[in-house]
Amino acid sequence: MQENSTPKFGSFKLFLLTTFLLISITSNSLFAQSFCANETTLFTENFGTGSTPSSHPDVVPTSLLYQPLGELYNEGVYRVINNTQQKPDWHASPDHTVNTVNGKMLVVNGSGNGFYRRVINSPSGFSAGYYSVSLFIMNVNQINLCGPNILLPQITFIVEYQAQDNSWVALTGSPLSTTPVAYNATTPTWVQLGGVFTLPTTGVFNVQNIRLSLRDGISSGCGNDYAIDDIKLATCPSGGPLPVEFLSVSAKQRGAGIAINWNTATEVNNKYFDVEKSVDDGSNWSLVTTTKAGGNSSVVKTYNAYDAKPAAGINYYRIKQVDLDGKYKYSITVHVKMNFDKTSASVLTNPFVNNIAIDFLSKTTQGLALTLYDVAGKKITTERWIIPKGTSRKTFDQVNNIQKGIYILNIIDDKGVLIYNGKLVKQ
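Count the sequence shown with the working numbering and you get residues 8 to 434, in order.
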């Protein structure tokens, strides 16, 4: 990412370090999803371990320049390192690989073009059939210096086999371009991307080389900064892609609750999704909500859910996908640590008709004053509430007879601290 002006990084770094130490919300992928049944891993790249920056032989040098020291300020530079914060405005996060100390990853200030290429060799040969390719990626931007036009990383997978004449031929399904990886200001989030590709029959010729290439689909500009880890090629001995292919699953704190979002690339005979939660490190799971599915789809579909009553501490989430015949599979698991350091509020009904439902998350039992104003600043109505410690839901009822239009809701605690200030619409 390249900005128009150079900030004063001395005080800026101190601010970011303080911010990072105070943030108590984390989200990370814990378990990888499979893109086909009974995957058998043939190749994986986790970029090793260590605290010293390094280059990597599979990074295309004509696309990315290795920069061993300093901030990755210029576009088209990279390093393999154990922390994503290679610029002050990027997230400070470890790598994705589970159970590694000083695990390293590829951290990039992107500029477009193909940037990674690896040839996987099998002396015994690759059989015709299905193969899955996947990776984990993080949009590392923590502070948006780009405004509304921030560029989001978008990765294309190119999977090829070396034919008898030594040319490279695309597997069926290649190239595969994924959806852009969203920017998340508060939570460093690993997102899994990938798909299933088909190696055709090649007669008596024995395919011994498969080439995996990654292309950055975003041209130069502000944004497009990312980390990549745990690249994988696997066989699919039980057949083609699973009925539902998850592109990403994420969860983050939103006011007094947690918003859970997920995307699917394909759906076959998909009946519904169950959003499940665990508060004991995944030993026990409970249902948060059920969401109707798209049935059959070959386009990217986006779903969301909301947990209005998260627990203090770490909340784990996963998506259970259920077929029409009752068969099911699980997505990866993500987690969020709830921040109880201050009172927060989430308005659930906006637009509203007869009342306004509001969820609260509070460290203590306390009093609140709610005031509704019109757009001219005229006070319409006021209520005073006592909310308990933890999570709770209250309903603002004195709005049934007001005129349709736009209003401003202010919520202030008993110490005069502003908890919520937002625009609402009466229908």
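Backbone N, C-alpha and C define an ideal beta-carbon position, used for all residues, glycine too.
None of these values were measured; they are calculated from a predicted model.
Rounded to whole angstroms, how far is the Cβ of residue i from the Cβ of residue j, which I believe are closer than 8 Å?
{"i": "V203", "j": "S139", "result": "5 Å"}
{"i": "K284", "j": "N322", "result": "6 Å"}
{"i": "L158", "j": "G228", "result": "5 Å"}
{"i": "G359", "j": "Q328", "result": "Position check: residue 359 holds Phe in this sequence, whereas Gly was assumed. That belief does not hold up - the Cβ atoms of F359 and Q328 are roughly 33 Å apart, past 8 Å."}
{"i": "L379", "j": "V406", "result": "7 Å"}
{"i": "T271", "j": "V251", "result": "6 Å"}
{"i": "T242", "j": "T47", "result": "5 Å"}
{"i": "K433", "j": "I409", "result": "6 Å"}
{"i": "F54", "j": "D236", "result": "6 Å"}
{"i": "M345", "j": "A319", "result": "6 Å"}
{"i": "V343", "j": "A258", "result": "5 Å"}
{"i": "G119", "j": "S226", "result": "4 Å"}
{"i": "P207", "j": "T186", "result": "Their Cβ separation, rounded to whole angstroms, is 27 Å, which puts P207 and T186 out of contact at 8 Å."}
{"i": "V166", "j": "I238", "result": "Contact flag wrong, Cβ pair sits at about 12 Å."}
{"i": "Y123", "j": "G246", "result": "That belief does not hold up - the Cβ atoms of Y123 and G246 are roughly 28 Å apart, past 8 Å."}
Mapping the DSSP letters down to three states, classify residue i as helix, strand or coil.
{"i": "G117", "result": "coil"}
{"i": "P248", "result": "strand"}
{"i": "N106", "result": "coil"}
{"i": "G154", "result": "helix"}
{"i": "H3", "result": "The structure shown does not extend to residue 3, since the chain is modelled only from 8 through 434, so no value can be given for it."}
{"i": "V220", "result": "Here residue 220 is Ser; the residue named in the question, Val, does not match the sequence. Looking at S220 - three-state DSSP - the assignment turns out to be strand."}
{"i": "W269", "result": "strand"}
{"i": "S291", "result": "Looking at the sequence provided, one finds Asn at residue 291 rather than Ser. Coil, per DSSP."}
{"i": "E52", "result": "strand"}
{"i": "V307", "result": "coil"}
{"i": "I225", "result": "coil"}
{"i": "G136", "result": "strand"}
{"i": "C122", "result": "Position check: residue 122 holds Phe in this sequence, whereas Cys was assumed. Reduced to three states, the DSSP call for F122 is strand."}
{"i": "Q92", "result": "coil"}
{"i": "A241", "result": "strand"}
{"i": "A383", "result": "coil"}
{"i": "K401", "result": "strand"}
{"i": "Q260", "result": "strand"}
{"i": "K336", "result": "strand"}
{"i": "L69", "result": "The sequence shown places Thr at residue 69, not Leu. DSSP places T69 in coil when its eight states are reduced to three."}
{"i": "T209", "result": "coil"}
{"i": "F42", "result": "coil"}
{"i": "N128", "result": "strand"}
{"i": "V87", "result": "strand"}
{"i": "L76", "result": "coil"}
{"i": "S285", "result": "strand"}
{"i": "I419", "result": "strand"}
{"i": "S61", "result": "strand"}
{"i": "N322", "result": "strand"}
{"i": "S31", "result": "Low per-residue confidence applies at S31: pLDDT is 29, beneath 50, and the placement is therefore not dependable, though the value from the model is reported in the following sentence. Three-state result, S31: coil."}
{"i": "T47", "result": "strand"}
{"i": "I426", "result": "strand"}
{"i": "L21", "result": "Its pLDDT being 32, under 50, L21 is placed unreliably in this model, and the value from its coordinates should be taken loosely. Helix, per DSSP."}
Closest by CA to residue i, which one among the options?
{"i": "S435", "options": "A319, I265 and R325", "result": "In the structure as shown, the chain starts at 8 and stops at 434, and residue 435 therefore has no counterpart that could be examined."}
{"i": "W97", "options": "L79, T186 and N109", "result": "L79"}
{"i": "P155", "options": "M145, I162 and A189", "result": "A189"}
{"i": "F143", "options": "I165, E167 and I339", "result": "I339"}
{"i": "G57", "options": "G110, C43 and T297", "result": "G110"}
{"i": "V354", "options": "A266, T186, L183 and T196", "result": "A266"}
{"i": "C43", "options": "S257, P248, G423 and I418", "result": "P248"}
{"i": "T194", "options": "V176, N120, T205 and R261", "result": "R261"}
{"i": "G301", "options": "T179, F133 and L331", "result": "L331"}
{"i": "S304", "options": "G246, D287, N277 and V166", "result": "N277"}
{"i": "K396", "options": "E167, V382 and S369", "result": "S369"}
{"i": "H103", "options": "W175, T59 and Q199", "result": "Q199"}
{"i": "P95", "options": "N151, T51 and H63", "result": "N151"}
{"i": "N428", "options": "P130, K385, A352 and N216", "result": "A352"}
{"i": "S129", "options": "R391, F164 and V214", "result": "V214"}
{"i": "T371", "options": "K336, D381, A170 and D420", "result": "D420"}
Residues bridged to residue i by DSSP?
{"i": "W97", "result": "N148"}
{"i": "Y279", "result": "K299 and V329"}
{"i": "K433", "result": "F359 and G412"}
{"i": "V203", "result": "S139"}
{"i": "F253", "result": "T271"}
{"i": "I394", "result": "Q373"}
{"i": "A234", "result": "V114 and M145"}
{"i": "T163", "result": "S184 and R222"}
{"i": "A315", "result": "Looking at the DSSP assignment, A315 forms no beta bridge with any residue, so it has no partner."}
{"i": "N81", "result": "Its beta-bridge partners do not exist; DSSP assigns none."}
{"i": "N407", "result": "Note: N407 sits in no beta bridge, so no partner."}
Check whether the Cβ of residue i lies closer than 7 Å to any heavy atom of the ligand COA, and answer yes or no.
{"i": "D314", "result": "Of the ligands one can find in the structure shown there are none, so the ligand COA has no counterpart to examine."}
Ranges of the alpha helix (DSSP H) found wholly within the region 347–381, counting only runs of at least 4: Scanning the region 347–381 for uninterrupted alpha helix (DSSP H) segments of 4 residues or longer gives nothing; none is fully contained.
Start-end ranges of the beta strand (DSSP E) lying completely within the region 168–197, minimum 3 residues: Taking only runs of at least 3 residues, the beta strand (DSSP E) segments lying wholly in the region 168–197 are 175–177.
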